[in-house]
Amino acid sequence: MKTKLFQWRWLLTVGLFISAPTLQADENGLYSPPHAEPEKQVSASQACVKPVPEMRREHMNLILHQRNQTMHHGVRTTDNSLQGCVNCHVTQDDAGEPIDFTNEKHFCNSCHQYAAVTIDCFQCHNSKPTEPVVKGGNQ
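Just so we're on the same page, our numbering is the position in the sequence shown counted from 1, plus 30.
Rendered as structure tokens:
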């Protein structure tokens with residue numbers, strides 16, 4: 031029993047020493063991940079389907095619900111559709127062309143990297159908008 035407790039304490043201590051250099055304190059002494067805040071791309075012409083705090087918490091549930099409605103029940107609506115999200119949250123490069131999910135500045139990619147979450151939506155779905163994009167207009 032004492033040996034297992036010692037092993038856990040040792041692993042915890044080593045883990046803290048290894049991870050400590052990767053954290054950086056800000057001007058208030060708070061620690062944050064060593065990567066940039068996610069890109070915030072929002073259409074100027076539309077409001078999101080839900081308030082921002084709710085979308086941050088629940089967007090995956092909305093997407094899964096939409097998937098279940100479409101795949102299992104044959105109900106196809108544009109509410110909460112992944113393509114609707116991509117069309118609204120289009121990210122453009124310096125030339126004003128839409129970028130795809132492989133680019134680290136893509137709206138979905140930047141947030142999921144920040145949250146350390148892997149997604150596989152764009153293995154099948156298009157990560158670029160299907161509607162015409164007004165250059166510089168959807169940022």
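Ideal Cβ positions, reconstructed from N, Cα and C, are used throughout, including at glycine.
Distance between beta carbons of residue j and residue i, contact taken as under 8 Å
i           : j           : result
residue 160 : residue 113 : 6 Å
Inter-residue Cα distance where the pair is residue i and residue j
i           : j           : result
residue 105 : residue 92  : 14 Å
residue 143 : residue 125 : 24 Å
residue 108 : residue 89  : 15 Å
residue 133 : residue 115 : 17 Å
residue 150 : residue 131 : 10 Å
residue 82  : residue 146 : 20 Å
residue 103 : residue 39  : 51 Å
residue 135 : residue 101 : 30 Å
residue 87  : residue 152 : 20 Å
residue 77  : residue 123 : 23 Å
Simplified DSSP state of residue i, which is helix, strand or coil
i           : result
residue 128 : strand
residue 168 : Interpretation of residue 168 is limited by its pLDDT of 44, a score under 50 that renders its predicted location unreliable; the figure taken from the coordinates is listed afterwards. Three-state result, residue 168: coil.
Selection from the options that minimises the alpha carbon distance to residue i
i          : options            : result
residue 1  : 133, 152, 128      : Here the chain covers residues 31 to 169 and nothing more, so residue 1 does not appear.
residue 85 : 101, 152, 102, 110 : 110
Residue i CB to nearest heavy atom of the ligand FMN below 7 Å
i           : result
residue 155 : Looking at this structure, you won't find the ligand FMN or any other ligand, since it has none at all.
Under 8 Å: do the region 118-130 and the region 86-104 share three or more Cβ pairs, one atom per stretch? no
Is there contact here, the region 126-141 with the region 150-157, by at least three beta-carbon pairs under 8 Å? yes
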